[in-house]
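Structure first, commentary second.
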Amino acid sequence: MELKRVIGLAALLGALVSAPGAALAGEPNVGQVVAIRGAASIERGATRIKAQVKTGIQANDVIKTAAAGKAKLLFIDDSVLTMSENATLEVSEFIHTKGKEGRSIYNLLDGKMRAVVGKTKFEVRTPTAVAAARGTVIFFEVGQAKNQSFSRIICLEG
Amino acid sequence: MQTDPTRRATRITLITLALTLSLCWRAQGASAQGEPALGTSAQDAQPHQEASAELQTGISLLHRKSYALAAAVLRKAVENSPDDPNAAYYLGVALNRTTAGKEAESLLKRGLGEHPESPEVNFELGLHYFDKEVTAEASDYFEQVIYLAPAGPCADQARAYLKKIEEAGKPRRWELSVLGGLQYDSNVILSNDSTPLPAGYAHRGDLSAVVNLRGSYAPIRSGALEVTAGYSFYQNLHTSLTAFDTTQNLLDLSASYAVTPNLRLKGSYSLEYLLLAGKPYNYSHNLSSSISRVSERWGISTLDYHYSAKQYWNSEKFSTNTDQNGDNNLIGLSQLRQFSKYVTLWVLYSHDVDATRNQVLGYHGNRALLGCRLLLPFALVGDLSGDVYHRQYGGTDPAFGVRRQDTQNSVSLTLLKNFSDRYSLSLGEVFSRNLSNIADFAYSRAITSALFSARF
């Protein structure tokens, strides 16, 4: 009887871990993957999850796209981030309460990303720059040129 | 009998997708294949039984393209069932096809969260960003539509929109601009305001209507080389001082070549033909060349050279006009530097030599200009500049017994409001004061203008 219960619990945990969008340790999802091309992964603590459509995203997740990969992420504040290939993005802070203005901070560590900014105070940090925005469309690029890190930020709208 | 909630949700989702499919047709993007059939799906009858009366009515109105009415009805459906994602999504569709504002965007994103792999939802978001001219985002959604259902009815529409985006992204060869408005010049006749009016004039200032048309064509527009030919026509029509109505015809041919991404050479030729009160006044052949260098630290540095050969006609009012026949050589150096997104400064120095048939009218000039552009709230652009132009004339004026020296000081302020990439309105004020050692040539002048501009 006890063994059955343990097996049942193990199966439930396994299902939670492997299911797209599974939330670990009760952490709420702050967004989800809504489109994906090629390969992308989400690092959550010591765990690495294969990113698929509807995979949930939590605060402190690190999302990585592979070569020829692309991922579109929709957050609960209506922000949409489109990551190009070989990009690494960390969701370093996400505070959102319905009806109140929240705050979201992302670290773009590598690659290119386009952001359609949602309802929160939105901030993107790169190794060499910080950009804050509200209700606009911005393009970010982080890379290396002549052994030096560079950041490019272009406002596409607003 | 009570319906199982899971089955009900699945049914509504299926119906939703079937109905949304039919909405992919849109008047502005209708493909040659026409509108997908409405209401022929086997599931189509279901939502009308399952969904609320408002939702059913709203969907029907969307089918009939009564988007504003659909939005009002669907808003009621959302108020009654705030947690119903379908009602929210359809309201998003209705709003997207009417106001296409933030609310539509938010509701459509809610739809995307519910159905990320629905080609229809992606298509609707593609339309939203296409209308907002955020083409990179729009392209993404349209590509996703094709990826999700390459043979689906939305895919053809998505391809058509992607083609439109590609076409719009290509540099246009033709350009047409129209500028028109009103202008008040406080001293049309350029007379000294401390002396009596010259004979035949009742006043110095006058209101005029202004129009400027310009068309250009770029037969060559490759990565590094650009060749453009253009024609512009300018006309001002005074209320009373009609003898000063000016008509300008300008033909120009220009070429620019980027030697490197930071170094560009430009050359141009223009022919200007000017009429005053409908009678020929002068014409000039103009040659210009410049070299510009862009650097991150200093901005854009430009060295210019202009040559102009001018020929005048005598007239009843200007009986010695041909004395001004001659040429002008000008060399200039300018620097433009953007200090932030909001502030750009420029500075210019030029020296010109005007050689005329009657050397008393020729001069050596030195001009210094300082200007700035400020991006202001409410999408306003403000330009403020000031310049000093000193001219030393060629010889002793026989009428006054001295060699003329003028210094013209000008301040210009323009406030520009861009309503879109195409339309703008500008309000301008230029104040200039010409100081001269010969009192007859001293004057002050203020020009106030309100001009509307459109580009096509």
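First to last, the sequence lines map onto chains A and B. Per the numbering used here, residue 1 is the first one in the first sequence, and the count goes up by one each step. Per the numbering used here, residue 159 is the first one in the second sequence, and the count goes up by one each step. All residues carry an ideal CB built from backbone N, CA and C; glycine is no exception.
Can you pull the chain A neighbours of residue 321 of chain B, defined as C-beta to C-beta under 9 Å?
Residues of chain A passing the Cβ test: none, with the nearest at roughly 21 Å.
For the candidate residues A:138, A:146, A:46, whose alpha-carbon lies nearest to that of residue 153 of chain A?
A:138
Against chain A, does residue 247 of chain B count as a neighbour if the rule is that its beta carbon must be under 9 Å from one of theirs?
no
Three-state secondary structure (DSSP) of residue 221 of chain B
helix
Status (buried if at least 16 other CB within 10 Å, exposed otherwise) for residue 2 of chain A:
Annotation note: pLDDT 45 at residue 2 of chain A (below 50); position unreliable, no value reported.
For a test of the three-state rule: what should DSSP assign to residue 238 of chain B, helix, strand or coil?
helix
Simplified DSSP state of residue 536 of chain B, which is helix, strand or coil:
coil
I'd like to check one pair, residue 502 of chain B with residue 139 of chain B: are the Cβ atoms closer than 9 Å?
Examination of residue 139 of chain B is not possible in this model, given that chain B is present from 159 through 614 alone.
Looking at chain D, which residues of the segment 122-139 of chain A have a Cβ within less than 9 Å of any of its Cβ atoms?
Considering every chain present, this structure includes no chain D. Its protein chains are A and B.
Residue closest to residue 346 of chain B, alpha-carbon to alpha-carbon, out of B:300, B:404, B:376, B:498:
B:404
Can you give me the C-alpha to C-alpha distance between residue 478 of chain B and residue 449 of chain B, rounded to a whole angstrom?
38 Å
If the cut-off is 7 Å on Cβ atoms, which residues from the segment 42-60 of chain A count as contacting chain B, listed in chain order?
53, 54
Please compile the residues from chain B whose C-beta is within a distance smaller than 8 Å of the C-beta of residue 78 of chain A.
263, 264, 267
Beta bridge counterpart(s) of residue 594 of chain B as assigned by DSSP:
B:564
Could you name the residues of the same chain whose beta carbon sits closer than 7 Å to that of residue 390 of chain B, not counting the 5 residues immediately before and after it, in chain order?
370, 371, 372, 408
First through last residue of the alpha helix (DSSP H) which encompasses residue 277 of chain B:
277-289
Please report the distance separating the alpha-carbon of residue 421 of chain B from that of residue 461 of chain B.
12 Å
Examine chain A for any beta-carbon lying closer than 9 Å to the beta-carbon of residue 291 of chain B, and answer yes or no.
yes
Taking the straight line between their C-alpha atoms, what separation do you get for residue 45 of chain A and residue 62 of chain A?
9 Å
For residue 190 of chain B, which of helix, strand or coil comes out of DSSP?
Note that residue 190 of chain B scores 31 on pLDDT, short of 50, meaning its location in the model is unreliable; the coordinates nonetheless yield the value given after this. Note: residue 190 of chain B maps to coil in three-state DSSP.
So is residue 146 of chain A in contact with chain B if we call contact Cβ pairs under 9 Å?
no
If you draw a straight line from the alpha carbon of residue 219 of chain B to that of residue 269 of chain B, how long is it in whole angstroms?
19 Å
Please list the terminal residues of the continuous alpha helix (DSSP H) segment that includes residue 252 of chain B.
243-254
Show which residues of chain B have a CB atom less than 8 Å away from the CB atom of residue 157 of chain A.
290, 291, 292
Does residue 304 of chain B come out as helix, strand or coil in the three-state DSSP assignment?
helix
Using a Cβ-Cβ cutoff of 7 Å, what residues of the segment 484-508 of chain B are near chain A? List them in chain order.
none
Chain B within 9 Å of residue 151 of chain A, Cβ atoms only
no
Mind reading off the beta-carbon distance from residue 532 of chain B to residue 505 of chain B? Whole number of angstroms is fine, and I expect it under 8 Å.
With a Cβ gap of about 16 Å, residue 532 of chain B and residue 505 of chain B do not count as contacting.
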